[in-house]
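Residue numbers (numbering that gives the first Met the number 0): 0 to 208. We put the CB at the ideal spot given by N, CA and C, even for glycine. None of the values given here were measured: they were computed from a predicted structure.
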Amino acid sequence: MALCYTLIVTYCLVVLGRADTGNPGAVVRITQKGLDYARQIGIGVLQQKLSSIQLPDYSGSYDVGILGSVHYDISGMAITSVQLPSSQITFVPNVGLKVSIDQAFIEIHGRWGVKYLFVSDSGDFNLKVLRISIAVGLSLGSDGSGRPTVSTSDCSAHIGDMQVHFTDTIDWLVNLFDDAIASSLRQTMENQVVGFKNSLVSPEISFSD
Numbered sequence: 000m001a002l003c004y005t006l007i008v009t010y011c012l013v014v015l016g017r018a019d020t021g022n023p024g025a026v027v028r029i030t031q032k033g034l035d036y037a038r039q040i041g042i043g044v045l046q047q048k049l050s051s052i053q054l055p056d057y058s059g060s061y062d063v064g065i066l067g068s069v070h071y072d073i074s075g076m077a078i079t080s081v082q083l084p085s086s087q088i089t090f091v092p093n094v095g096l097k098v099s100i101d102q103a104f105i106e107i108h109g110r111w112g113v114k115y116l117f118v119s120d121s122g123d124f125n126l127k128v129l130r131i132s133i134a135v136g137l138s139l140g141s142d143g144s145g146r147p148t149v150s151t152s153d154c155s156a157h158i159g160d161m162q163v164h165f166t167d168t169i170d171w172l173v174n175l176f177d178d179a180i181a182s183s184l185r186q187t188m189e190n191q192v193v194g195f196k197n198s199l200v201s202p203e204i205s206f207s208d
């Protein structure tokens with residue numbers, strides 16, 4: 000919800016002027032300079048919001064061949080870095096605004112632990128979430144009094160790849176992550192990015208002069 004609010008603020012920043020607001024056909028004037036400024040402000044706040052994503056712990060059992068079944072715990076995952084190197088905000092005629100972010104990546108640090116019979120081991124791991132793309136559409140309109148309104152028309156997020164490095168180089172640790180955790184973690188992160196949409200599509204948010 001905070002992320003969507005950021006985009007609402009972005010919209011407000013790019014509205015530099017408009018015609019008579021008493022007219023239901025009020026015109027919103029948006030300039031490229033305003034769009035560029037809004038993009039810079041919005042991306043900075045978006046980085047903060049992405050950094051606050053809460054990641055769940057994972058635990059379960061994993062078959063490692065001749066070793067049998069090993070119990071694993073993945074815990075304490077925290078985002079240490081968010082980079083949004085490529086972004087743009089554009090005006091879509093007769094629709095509104097589109098905010099696009101490409102080639103973003105997130106770095107995560109966490110702890111792993113395994114137990115097999117009476118033997119246990121643990122350590123750290125670093126995870127890179129790569130080629131993240133986010134697209135948010137904002138529909139512009141007006142209420143009954145002619146004041147401009149904005150609502151989220153669509154939202155999508157996609158994670159291209161994940162690369163994990165464990166402090167221990169045992170191959171099955173990487174396989175464990177890829178097979179048992181990566182898919183669920185990918186879905187969790189994508190859902191958190193777009194989860195705000197349904198809560199703010201209706202009612203539309205309007206703002207006064």
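Comparing alpha carbon positions, the residue from Ala134, Ser152, Lys48, Phe165 closest to Ile78 is Lys48.
Within the same chain, no residue comes within 6 Å of Pro55 by CB-CB distance, once the 5 residues on both sides are set aside. Between the alpha carbons of Asn93 and Gln82 lies a gap of roughly 32 Å. Take Gly122, set aside five residues on each side of it, and the residues of its chain with a beta-carbon closer than 7 Å to its own are Trp111, Phe165, Thr166, Asp167, in chain order. If you look at Asp101, you'll find it in the beta strand (DSSP E) that goes 95-115.
Note that the C-beta distance between Val98 and Ala156 is not below 7 Å. With respect to the C-alpha of His70, the residue from Leu129, Ala179, Ser86 having the closest C-alpha is Ala179. Residues Asp56, Arg110 of the same chain have their beta carbon placed closer than 6 Å to that of Ser74, with the five preceding and five following residues left out of the count. The DSSP-derived three-state label of Leu184 is helix. Within a 10 Å sphere around the beta-carbon of Gly67 sit fewer than 16 other beta-carbons, which makes this residue exposed. The Cβ atoms of Asp101 and Ser80 do not sit closer than 7 Å to each other. When C-alpha distances from Val163 are compared across Ser152, Leu129, Ser144, Thr187, the shortest belongs to Leu129. About 46 Å separates the Cβ atoms of Ser58 and Asp35, ruling out a contact at the 8 Å cut-off. Scanning its chain for C-beta atoms nearer than 8 Å, with the 5 sequence neighbours on each side dropped, one finds around Glu189 the residues Ala156, His157, Ile158, in chain order.
Looking at Phe124, Cys154, Asp120, the one whose alpha-carbon comes closest to that of Ser132 is Cys154. Taking 3 residues as the shortest admissible run, the stretch 29-84 contains the following complete beta strand (DSSP E) segments, listed from N- to C-terminal end: 57-62, 68-82.
Counted as a single uninterrupted DSSP element, the alpha helix (DSSP H) harbouring Asp170 occupies residues 170-175. Selection Ser144, Ser60, Phe124, Lys32 evaluated against Leu116 yields Ser60 as nearest (Cα-Cα).
Its chain contains Ile107, Val163 as the residues whose beta carbon lies nearer than 6 Å to that of Leu126, once the 5 sequence neighbours on both sides are disregarded; these appear in chain order.
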